[in-house]
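K.L.:
The structure's right below; bear with me while I get my questions together.
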Amino acid sequence: AQSVAQPEDQVNVAEGNPLTVKCTYSVSGNPYLFWYVQYPNRGLQFLLKYITGDNLVKGSYGFEAEFNKSQTSFHLKKPSALVSDSALYFCAVRDRGRDDKIIFGKGTRLHILP
Amino acid sequence: KAGVTQTPRYLIKTRGQQVTLSCSPISGHRSVSWYQQTPGQGLQFLFEYFSETQRNKGNFPGRFSGRQFSNSRSEMNVSTLELGDSALYLCASSPQGAANEKLFFGSGTQLSVL
Numbered sequence: 207a208q209s210v211a212q213p214e215d216q217v218n219v220a221e222g223n224p225l226t227v228k229c230t231y232s233v234s235g236n237p238y239l240f241w242y243v244q245y246p247n248r249g250l251q252f253l254l255k256y257i258t259g260d261n262l263v264k265g266s267y268g269f270e271a272e273f274n275k276s277q278t279s280f281h282l283k284k285p286s287a288l289v290s291d292s293a294l295y296f297c298a299v300r301d302r303g304r305d306d307k308i309i310f311g312k313g314t315r316l317h318i319l320p
Numbered sequence: 257k258a259g260v261t262q263t264p265r266y267l268i269k270t271r272g273q274q275v276t277l278s279c280s281p282i283s284g285h286r287s288v289s290w291y292q293q294t295p296g297q298g299l300q301f302l303f304e305y306f307s308e309t310q311r312n313k314g315n316f317p318g319r320f321s322g323r324q325f326s327n328s329r330s331e332m333n334v335s336t337l338e339l340g341d342s343a344l345y346l347c348a349s350s351p352q353g354a355a356n357e358k359l360f361f362g363s364g365t366q367l368s369v370l
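Protein chains in written order, with the working numbering: chain S, 207 to 320; chain W, 257 to 370.
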C-alpha cells in the first residue's frame, strides 16, 4: 500500500536561512511525487512534481525538491526563506502505472521567523 | 480561466442531517476529486470522478457519496451527519485525471456539525 510520511508537524526557520521540509514515501512501484502549499483559508496550490529525469526538481516561488530513490525521500528545500513562505505544506505520492488514488502526508506547518 | 469553484463556502448542520456540496471544475477539466481535511488526519482522499463515472474511492463509509454531471460539475453528499464529519472539504480538478497531472484545488467548503 502507498503511504507518505512527513515526520515534522512544524518547522521553524529564521528569515534568510535555508529551509527543508521532509517527506518520505512508500509505493510498490515507481512514484509520481508532488508538493502542495496551503495558505490560510485557501485551497492547496501546486508547487512542484517529480515525474522522471533529473532528480532535482525546481518549482514555484523558488522552491525545489530532490528525489532520492534509495532513501525513498522527496524533501522540499529553499535556499533563503521568506516570511511569506509561512504556510502548511503537503507532500503527496501516486503510484506510477497504477490507476490508484493520490495519498497525501499529514502536512508540515512552516513558520518563518522575521 | 476561472478556477475551481466550491459552494457554499461555509455550512453549519446538526447531527443526523444531510448535506450536499458543489464543485465546478476548471473549464475543460474532466476529472474531479474530493478530499476531507482535518487537523488530526491531514488530507484524505474521498473519491474521484471522470466522465460521470466514479474511478476511485477512498476509505470512507457509505454515508459519503458523490456524482458528476455531463458538464463535469460534481456534487458530494454526506447523509446522517456525525460530529466527526466537521472538516474542510476540498475539491480538485485536472484535465484527464492522469496520475502525473497536477491538481487544481478550490478554496473548500468548511462544514461544521453541531
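No residue lacks a Cβ here, since even glycine has one placed at the ideal position from N, Cα and C.
Computed from a predicted structure; not experimentally measured.
In the segment 297-326 of chain W, which residues sit with their C-beta less than 9 Å from some C-beta in chain S, listed in chain order?
P.N.:
For the segment 297-326 of chain W, which is checked against every Cβ of chain S, the residues closer than 9 Å are 297, 298, 299, 300, 301, 303, 304, 311, 312, 313, 314.
K.L.:
Should residue 358 of chain W and residue 273 of chain S be called a contact, given that it needs their Cβ atoms to be closer than 8 Å?
P.N.:
Looking up residue 358 of chain W in the second sequence gives position 102. Looking up residue 273 of chain S in the first sequence gives position 67. For residue 358 of chain W and residue 273 of chain S, no; Cβs fall outside 8 Å.
K.L.:
Kindly list, in the order they appear in chain W, the residues whose Cβ is closer than 9 Å to that of residue 318 of chain S.
P.N.:
In the first sequence, residue 318 of chain S corresponds to position 112, counting from 1. Those within 9 Å of residue 318 of chain S in chain W number zero; the least Cβ separation is about 21 Å.
K.L.:
Beta-carbon within less than 6 Å of residue 286 of chain S's beta-carbon, same chain only, minus the 5 sequence neighbours each way: which residues are those?
P.N.:
The residue you call residue 286 of chain S lines up with position 80 of the first sequence. Closer than 6 Å at the Cβ level, and outside the excluded window around residue 286 of chain S, lie 222.
K.L.:
On the three-state DSSP scale, how would you describe residue 267 of chain S?
P.N.:
Taking the first sequence and counting its residues from 1, the one referred to as residue 267 of chain S is at position 61. Looking at residue 267 of chain S - three-state DSSP - the assignment turns out to be helix.
K.L.:
Which residues of chain W have a Cβ atom closer than 7 Å to the Cβ of residue 267 of chain S, listed in chain order?
P.N.:
As a first step, residue 267 of chain S must be located in the first sequence, where it is residue number 61. What residue 267 of chain S touches in chain W: nothing, since even the nearest Cβ is about 15 Å away.
K.L.:
To which residues does DSSP link residue 260 of chain S through a beta bridge?
P.N.:
Taking the first sequence and counting its residues from 1, one reaches residue 260 of chain S at position 54. Looking at the DSSP assignment, residue 260 of chain S forms no beta bridge with any residue, so it has no partner.
K.L.:
Between residue 325 of chain S and the rest of its own chain, which residues show a CB-CB distance below 8 Å, the 5 nearest in sequence each way excluded?
P.N.:
What is shown of chain S runs 207 to 320, which leaves residue 325 of chain S out entirely.
K.L.:
Starting from residue 320 of chain W, follow the beta strand (DSSP E) in both directions and report where the run begins and ends.
P.N.:
Here the question's residue 320 of chain W lines up with position 64 in the second sequence. Here the beta strand (DSSP E) through residue 320 of chain W covers 320-324.
K.L.:
Keeping to the same chain, check which residues put their C-beta closer than 7 Å to that of residue 292 of chain S; ignore five residues upstream and five downstream.
P.N.:
Stepping through the first sequence from its first residue, residue 292 of chain S is reached at position 86. Around residue 292 of chain S: 316, 317, 318.
K.L.:
Residues in the same chain with beta-carbon distance under 6 Å from residue 269 of chain W, minus the five sequence neighbours each way, listed in chain order, please.
P.N.:
As a first step, residue 269 of chain W is located in the second sequence; it is residue number 13 there, counting from the start. Only 275, 337, 369 meet the Cβ criterion.
K.L.:
Using a 10 Å radius around the Cβ and a threshold of 16 neighbouring Cβ atoms, would you call residue 308 of chain W buried or exposed?
P.N.:
As a working mapping, residue 308 of chain W is identified with position 52 in the second sequence. Exposed, by the Cβ-count rule.
K.L.:
To the nearest angstrom, how far is it from the Cα of residue 317 of chain W to the Cα of residue 328 of chain W?
P.N.:
Looking up residue 317 of chain W in the second sequence gives position 61. Looking up residue 328 of chain W in the second sequence gives position 72. So the alpha carbons of these two residues sit roughly 24 Å apart.
K.L.:
So which residues of chain W does residue 192 of chain S contact, with C-beta pairs closer than 7 Å?
P.N.:
Residue 192 of chain S is absent from the structure shown; chain S starts at 207 and stops at 320.
K.L.:
Closest Cβ-Cβ distance between residue 278 of chain W and chain S: below 8 Å?
P.N.:
Taking the second sequence and counting its residues from 1, one reaches residue 278 of chain W at position 22. Cβ-Cβ to chain S under 8 Å: no for residue 278 of chain W.
K.L.:
Is the shortest distance between the beta-carbon of residue 362 of chain W and the beta-carbons of chain S less than 8 Å?
P.N.:
Taking the first residue of the second sequence as 1, we reach residue 362 of chain W at position 106. Yes - at least one Cβ of chain S is within 8 Å of the one on residue 362 of chain W.
K.L.:
For residue 289 of chain S, which of helix, strand or coil comes out of DSSP?
P.N.:
Stepping through the first sequence from its first residue, residue 289 of chain S is reached at position 83. The answer is helix: DSSP assigns residue 289 of chain S an H, G or I state.
K.L.:
Among W:287, W:345, W:271, W:273, which has the Cα closest to the Cα of residue 302 of chain W?
P.N.:
What you label residue 302 of chain W is simply residue 46 of the second sequence in a count that begins at 1. Comparing Cα positions, the closest option is W:345.
K.L.:
Within 8 Å of any Cβ in chain S, is that where the Cβ of residue 339 of chain W sits?
P.N.:
By 1-based counting over the second sequence, the position of residue 339 of chain W is 83. With 8 Å as the cut-off, residue 339 of chain W does not count as an interface residue toward chain S.
K.L.:
Among residues of its own chain, excluding the 5 on either side of residue 331 of chain W, which ones have a beta-carbon nearer than 6 Å to its beta-carbon?
P.N.:
Here residue 331 of chain W corresponds to residue number 75 of the second sequence, with the count starting at 1. Contacts found: 276, 278, 323.
K.L.:
Going along chain S, which residues have a C-beta under 8 Å from residue 346 of chain W?
P.N.:
Mapped onto the second sequence, residue 346 of chain W falls at position 90. Going along chain S in sequence order, the residues near residue 346 of chain W (Cβ under 8 Å) are 249, 250.
K.L.:
Chain S beta carbons: is any one of them nearer than 8 Å to that of residue 359 of chain W?
P.N.:
By 1-based counting over the second sequence, the position of residue 359 of chain W is 103. Cβ-Cβ to chain S under 8 Å: yes for residue 359 of chain W.
K.L.:
Please list, in chain order, the chain W residues whose beta carbon lies closer than 7 Å to that of residue 296 of chain S.
P.N.:
To locate residue 296 of chain S, count along the first sequence from 1; it is residue 90. In chain order: 299.
K.L.:
Could you work out which residue in W:267, W:271, W:283 is closest to residue 351 of chain W when comparing CA atoms only?
P.N.:
Position 95 of the second sequence, counted from the first residue, corresponds to residue 351 of chain W. Nearest option by C-alpha distance: W:283.
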